[in-house]
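Asks:
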Amino acid sequence: MIELHELRKVYGPTTAADGVSMQVKTGEIFGFLGANGAGKTTTIRMICGLTRPTSGRGTINGLDIWRDRHRIRTQFGYVAQKFSLYGDLSVVENLRFFGGAYRIAPSILDERIPRLLAQMDLEAHRDKKAGHLSGGMKQLLALACALIHDPPLLLLDEPTAGLDPVHRQQLWNLLYDLGTAGKTIVVTTHYMDEAERCTQVGFLQKGRLLAQSPPRILRNSFRDQLLEVHCEPAMTALAAIRKHPAVLGAALRSGHIRVYSEHAPTLLADWQNEWPFADCTWHGFQWIEPDMEDVFSAYSQGYDALLKPISSPTV
Amino acid sequence: MKSATSLSAIASVAYKEMLHIWRDRRVLVLILILPPFFTLLFGYAFAGMSMSKIPTVLDDLDHTPDSAKLVEKLKADDTFAWKDAPAPIGNDLLAMKAAAVIRIPAGWGDSLKKGHPLPVELIADGSDTNTEPVLEGVLKKTLGDVQVDREQDVIDALPDDVMDLAQKLPESLRNQFATLLDQWPVQSTILYNPKLRFIDYVTPGIIGLILQLLTVTLMALTITRERDTGTFSQLMVTALRQHEIILGKMLTYLLISIFLILTTIAVAGLHFQVVFHHPGILSLTCFLFLLSSLALGLLLSAISQTQTQAIQFAVFYLLPVFPLSGAFASLDQLPGGVRFVSELFPLTHFCRAFRLINFQSAGWNYLAGDLAFLLVSTAACCGIAALLLKRAQD
Chain A
9 MIELHELRKV YGPTTAADGV SMQVKTGEIF GFLGANGAGK TTTIRMICGL TRPTSGRGTI
69 NGLDIWRDRH RIRTQFGYVA QKFSLYGDLS VVENLRFFGG AYRIAPSILD ERIPRLLAQM
129 DLEAHRDKKA GHLSGGMKQL LALACALIHD PPLLLLDEPT AGLDPVHRQQ LWNLLYDLGT
189 AGKTIVVTTH YMDEAERCTQ VGFLQKGRLL AQSPPRILRN SFRDQLLEVH CEPAMTALAA
249 IRKHPAVLGA ALRSGHIRVY SEHAPTLLAD WQNEWPFADC TWHGFQWIEP DMEDVFSAYS
309 QGYDALLKPI SSPTV
Chain B
10 MKSATSLSAI ASVAYKEMLH IWRDRRVLVL ILILPPFFTL LFGYAFAGMS MSKIPTVLDD
70 LDHTPDSAKL VEKLKADDTF AWKDAPAPIG NDLLAMKAAA VIRIPAGWGD SLKKGHPLPV
130 ELIADGSDTN TEPVLEGVLK KTLGDVQVDR EQDVIDALPD DVMDLAQKLP ESLRNQFATL
190 LDQWPVQSTI LYNPKLRFID YVTPGIIGLI LQLLTVTLMA LTITRERDTG TFSQLMVTAL
250 RQHEIILGKM LTYLLISIFL ILTTIAVAGL HFQVVFHHPG ILSLTCFLFL LSSLALGLLL
310 SAISQTQTQA IQFAVFYLLP VFPLSGAFAS LDQLPGGVRF VSELFPLTHF CRAFRLINFQ
370 SAGWNYLAGD LAFLLVSTAA CCGIAALLLK RAQD
């Protein structure tokens, strides 16, 4: 569906995307992960043909994302990061306008708009001004507008940013339904639980794609389980453990401290033998299977020593 | 997917744009109110450009039959509204709440008889540059009338033998003397704007003012607003091409501008009985000006990134336009260099062409330059805007 090859975008002194190469196959839900400023939005905008790539090339269904940008626009729907519908138009007026903008015949719109409203659970708000909708409903309307021309591909830039958990759940259920219905979906996010729901995940950092794999494979890219220690007070222990020379990093999770270290078994043996941090008390430990957040930390913090070499980008 | 024509895409943009205006009540009110408001304002505020009832104090220090004659003639002129002031009358116009003092000096009557007439004094307020020339003109004319009367009296009083002597002069010489003694008459015939009303003159200026204020700024804001809210990107990923978006928006403001012109003309015509000649070519001129205003708005939106910038550019453009375009006053007084600048504004050419057509029924050869300028400036603005928007996309 989508193929990117060494896609680069340079804005003056900053390189927003630095040679991104990847593939998205038809029917996948592809999650772009990365911190703010990692190049997710730039990459999506280049795929949309909104920004001209400085170099490299990309195709959607074989059509060039820049040269053929006018022809591929009917192939995808785009939900921008910022709410970008018309706040002074009603829900139905927005849908009608975008339908017209995609040159959909009014007779088809008459049938499609009620269906989309039902799907998004927006029927009760059909005549409300889009600007007066709640954040979650705005996002649902944006999704409906992106689907008005029934495109095979959906590009969503942080669609759940700022949403409450209920609407986040609703939106993801919809995306699953759409995926099941055969649509290809590319979604950027920095929620790790959302990354778990994708069929493919790509890690972007500083404009570079660090890894692209299904979430399960990414989780398995750790060499070992992770050590989690229980001690009190947790914050004091966290600060102390972070300073330990054999520790790459540590994170607080549900009150316990997750230790990123390639020498975890040795550390554990030492600590069980003699707990070095006098101002906090040792309560025990456990071995934990890494989750997506660990993967994200490992990639974004550069804990390469913890990862298997196979997880390099596969294109 | 391509079955629908580009025309329906343009129409859907235009319809959306209409909805925006309909929902934005402030803009709607401006569109409905400005044309009648400006027309009535200019129609009434400047109705009496021929001045009358200027508060003036008359100070006759002479008190002779001669001064009485002058006073009598001055009192008959309705240019003045005579005010009384306690003697002695000084020059404090502010205290007397008067615009001028006319003072006939003591001994004025005697000085006339001696052949060395003393000047009649006019003390006028220089901070009001319009009043002084009017007063001076009226005073000179009145003095002239008094002088002619006196000449007649002098001739009537000549002894008979002088008249006999005069009869012996050759006729041509006699006529020359007669001409010298008479006041030379002026008969002014007003061509082209016979009613000499300001409203007739200023109607194209009002149309220009409204189109420059509303059409240019609204058009400049419509694209920058979409950029500000992010909807422009959303539009760009639809099947709409950039030119369809722009044409759709232009179509909306074209219709609104036609409405603005028609309401201005209706108020001027129905309320002030302004007559419009040659409706065909007048409409063409208005239409060309309208296009140039739209194109200018488009250019402003192309050079600005945000609405704030667009407003700043619009103000920067609008400020010099009104004094320099000849919309409300003749350009003849402007110095050469500034007149060259004024020729760069479409409004200058529109006002000139409108007046040439409506007042002078001028032929194509007089209009071609102005109409061509409107056309060329439209094309230039659109071309530059297209180039800038294309570059912005890369």
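Going line by line, the protein sequences match chains A and B.
Position 245 (the first sequence) corresponds to 253 in the working numbering; numbering is contiguous.
Position 210 (the second sequence) corresponds to 219 in the working numbering; numbering is contiguous.
Note that beta-carbon positions come from the ideal geometry of N, C-alpha and C, so glycine has one too.
1. For a minimum of 4 consecutive residues, which ranges assigned as the alpha helix (DSSP H) are wholly contained in the stretch 149 to 211 of chain A?
2. Put Cys239 of chain A into one of helix, strand or coil per three-state DSSP.
3. Taking only beta carbons into account, state which residues of the stretch 22 to 46 of chain A come closer than 7 Å to chain B, listed in chain order.
4. Determine, using beta carbons only, whether Leu130 of chain A and Ala152 of chain A come nearer to each other than 8 Å.
5. List the residues of chain B that Ser92 of chain A touches, going by C-beta distances under 7 Å, in chain order.
6. Less than 8 Å between the CB atoms is what I'm expecting for Ile290 of chain B and Lys258 of chain B, so what's the real figure, rounded?
7. Taking only beta-carbon positions, decide if Glu119 of chain A is within less than 8 Å of chain B.
8. Are the stretch 75 to 88 of chain B and the stretch 32 to 45 of chain B in contact at 8 Å, needing three or more beta carbon pairs?
9. Would you mind telling me which residues of chain B sit closer than 9 Å to Glu301 of chain A, beta carbon to beta carbon, in chain order?
10. For Gly35 of chain A, which of A:Pro159, A:His252, A:Phe304 has the nearest alpha-carbon?
11. Which residues in the same chain as Gly325 of chain A place their Cβ atom closer than 7 Å to its Cβ, once the five residues preceding and following it in sequence are excluded?
12. With a 10 Å radius around its C-beta and 16 neighbouring C-beta atoms as the bar for buried, classify Ala188 of chain B as buried or exposed.
13. State the start and end residues of the unbroken beta strand (DSSP E) segment that holds Ala219 of chain A.
14. For a test of the three-state rule: what should DSSP assign to Asp169 of chain B, helix, strand or coil?
15. Compute the distance between the beta-carbons of Val22 of chain B and Glu253 of chain B, then report whether it is under 8 Å.
16. Kindly indicate which three-state DSSP category Val323 of chain A falls into: helix, strand or coil?
17. Assuming Ile249 of chain A and Ile225 of chain A make a contact with CB atoms under 8 Å, what is their CB distance in whole Å?
18. In angstroms with no decimal places, state the Cα-to-Cα distance between Lys11 of chain B and Leu249 of chain B.
19. Classify Met10 of chain B as helix, strand or coil using the three-state DSSP reduction.
20. Check the Cβ of Leu164 of chain A against every Cβ in chain D and list those closer than 9 Å, keeping chain order.
21. For chain A, check one thing: does any of its Cβ atoms lie closer than 8 Å to the Cβ of Leu249 of chain B?
22. According to DSSP, is Arg234 of chain B helix, strand or coil?
23. Of the residues B:Arg34, B:Leu16, B:Phe368, which one's Cα is nearest the Cα of Arg206 of chain B?
24. State buried or exposed for His287 of chain B, treating a residue as buried only when at least 16 other CB atoms are found within 10 Å of its CB.
25. If you measure from the beta carbon of Thr196 of chain A to each beta carbon in chain B, is any gap under 8 Å?
26. Could you tell me which of A:Cys56, A:Pro253, A:Ile112, A:Ala46 sits nearest to Arg77 of chain A, measuring between CA atoms?
27. Of all the alpha helix (DSSP H) runs that stay within the bounds of the stretch 304 to 357 of chain B, which reach a length of 4 or more residues?
28. For Tyr311 of chain A, decide whether its Cβ has a neighbour in chain B, counting only Cβ atoms nearer than 8 Å.
29. How would you list, in chain order, the residues of chain A whose beta-carbon sits under 7 Å from the beta-carbon of Leu28 of chain B?
30. Does the separation of the CB atoms of Arg231 of chain A and Gly27 of chain A fall below 8 Å?
31. Report the three-state DSSP secondary structure of Arg81 of chain A (helix, strand or coil).
32. Which residues in chain B sit within 8 Å of Arg81 of chain A, going by Cβ to Cβ distance?
33. In chain B, which residues lie less than 9 Å from Leu58 of chain A when you measure between Cβ atoms?
34. Looking at the C-beta of Met10 of chain B, does it have a partner C-beta in chain A at a distance below 8 Å?
35. Can you list, in chain order, the residues of the stretch 21 to 52 of chain B whose Cβ is nearer than 8 Å to any Cβ on chain A?
36. Quick test of the definition: if touching needs 3 or more C-beta pairs under 8 Å, does the stretch 95 to 114 of chain A touch the stretch 162 to 177 of chain A?
Replies: This is what the structure holds:
1. Counting only runs of 4 or more, we get 173 to 188, 200 to 204.
2. On the first sequence, position 231 is the one that residue 239 of chain A refers to. If DSSP states are grouped into helix, strand and coil, Cys239 of chain A belongs with the strands.
3. So nothing in the stretch comes that close.
4. The residue labelled residue 130 of chain A in the question sits at position 122 within the first sequence. The residue labelled residue 152 of chain A in the question sits at position 144 within the first sequence. Yes, the pair counts as a contact, with Cβ atoms nearer than the cut-off.
5. Reading the first sequence from its first residue, position 84 is the one you call residue 92 of chain A. Residues of chain B passing the Cβ test: Thr238, Gly239, Thr240, Ser242, Gln243.
6. Working through the second sequence from its first residue, we reach residue 290 of chain B at position 281. Working through the second sequence from its first residue, we reach residue 258 of chain B at position 249. Going by Cβ atoms, the distance from Ile290 of chain B to Lys258 of chain B rounds to 28 Å, so no, they are not a contact pair.
7. What you label residue 119 of chain A is simply residue 111 of the first sequence in a count that begins at 1. Output row for Glu119 of chain A: interface = no.
8. Short answer: they don't touch.
9. Walking along the first sequence from the start, residue 301 of chain A turns up at place 293. Within chain B, no C-beta atom comes less than 9 Å from the C-beta of Glu301 of chain A; the nearest is roughly 30 Å away.
10. Position 27 of the first sequence, counting from 1, holds the residue named residue 35 of chain A. Checked all of A:Pro159, A:His252, A:Phe304; the closest Cα to Gly35 of chain A is A:Pro159.
11. This structure does not reach residue 325 of chain A, given that chain A is present from 9 up to 323, and the question cannot be answered.
12. As a position in the second sequence, residue 188 of chain B is number 179, starting the count at 1. This sequence places Thr at residue 188 of chain B; Ala is not what is there. By the neighbour-count criterion, in which a residue is buried when 16 or more other Cβ atoms sit within 10 angstroms of its Cβ, Thr188 of chain B is exposed.
13. Your numbering for residue 219 of chain A matches position 211 in the first sequence. It spans 216 to 221 - the beta strand (DSSP E) in which Ala219 of chain A sits, taken as one unbroken run.
14. For the purposes of this step, residue 169 of chain B is taken as residue 160 along the second sequence, with counting starting at 1. Correct three-state label for Asp169 of chain B: helix.
15. For this step, residue 22 of chain B is matched to residue 13 along the second sequence. For this step, residue 253 of chain B is matched to residue 244 along the second sequence. Result yes, Cβ atoms of Val22 of chain B and Glu253 of chain B sit closer than 8 Å.
16. By one-based count along the first sequence, residue 323 of chain A stands at place 315. Because Val323 of chain A carries a pLDDT of 41, less than 50, the predicted location of this residue cannot be relied on, and the following value inherits that uncertainty. Of the three classes helix, strand and coil, the one that applies to Val323 of chain A here is coil, per DSSP.
17. Counting from one through the first sequence, the residue named residue 249 of chain A turns up at place 241. Counting from one through the first sequence, the residue named residue 225 of chain A turns up at place 217. About 29 Å separates the CB atoms of Ile249 of chain A and Ile225 of chain A; that is not less than 8 Å, and the two are not in contact.
18. Counted from its first residue, the second sequence places residue 11 of chain B at position 2. Counted from its first residue, the second sequence places residue 249 of chain B at position 240. Confidence is the limiting factor: at Lys11 of chain B the pLDDT is only 44, short of 50, which leaves the residue's position unreliable and the question unanswerable from this model.
19. Reading the second sequence from its first residue, position 1 is the one you call residue 10 of chain B. With a pLDDT of only 40 at Met10 of chain B, under 50, the local geometry of the prediction cannot be trusted, and no value is derived from it.
20. The structure shown has no chain D; the protein chains it does contain are A and B.
21. Looking up residue 249 of chain B in the second sequence gives position 240. Interface residue, yes.
22. In the second sequence, residue 234 of chain B corresponds to position 225, counting from 1. Taken through DSSP and simplified to helix, strand or coil, Arg234 of chain B comes out as helix.
23. To locate residue 206 of chain B, count along the second sequence from 1; it is residue 197. For the set B:Arg34, B:Leu16, B:Phe368, the Cα lying nearest the Cα of Arg206 of chain B is the one of B:Phe368.
24. As a position in the second sequence, residue 287 of chain B is number 278, starting the count at 1. An exposed status is given to His287 of chain B, since fewer than 16 other beta-carbon atoms sit within 10 Å of its beta-carbon.
25. Along the first sequence, read from residue 1 onward, the residue named residue 196 of chain A stands at position 188. So no, Thr196 of chain A is outside the interface.
26. Taking the first residue of the first sequence as 1, we reach residue 77 of chain A at position 69. Checking every option, the nearest Cα to that of Arg77 of chain A belongs to A:Cys56.
27. Given a length threshold of 4 residues, each whole run of the alpha helix (DSSP H) inside the stretch 304 to 357 of chain B is given here in chain order: 316 to 333, 345 to 351.
28. Taking the first residue of the first sequence as position 1, residue 311 of chain A is located at position 303. Chain B places no beta carbon closer than 8 Å to that of Tyr311 of chain A, leaving this residue out of the contacts.
29. Walking along the second sequence from the start, residue 28 of chain B turns up at place 19. From the beta-carbon of Leu28 of chain B, the residues of chain A found nearer than 7 Å are Leu97, Glu101.
30. Your numbering for residue 231 of chain A matches position 223 in the first sequence. Your numbering for residue 27 of chain A matches position 19 in the first sequence. Taking 8 Å as the cut-off, the beta carbon of Arg231 of chain A is found no closer than this to the beta carbon of Gly27 of chain A.
31. Within the first sequence, residue 81 of chain A is the residue found at index 73, counting from 1. Residue state, collapsed to three classes: helix.
32. Within the first sequence, numbered from 1, the residue matching residue 81 of chain A stands at position 73. Within chain B, the residues near Arg81 of chain A are Val246, Thr247, Ala248.
33. Your numbering for residue 58 of chain A matches position 50 in the first sequence. Correct list: Ser242, Met245, Val246, Gln402.
34. Within the second sequence, residue 10 of chain B is the residue found at index 1, counting from 1. Reliability fails at Met10 of chain B, whose pLDDT of 40 lies under 50, so the model's placement of it is uncertain and the value that follows must be treated cautiously. For Met10 of chain B, the closest Cβ of chain A is nearer than 8 Å.
35. If the cut-off is 8 Å between Cβ atoms, the stretch 21 to 52 of chain B has Ser21, Val22, Tyr24, Lys25, Leu28, His29, Arg32, Asp33 near chain A.
36. Per the Cβ contact rule, the stretch 95 to 114 of chain A is not in contact with the stretch 162 to 177 of chain A (fewer than 3 Cβ pairs under 8 Å).
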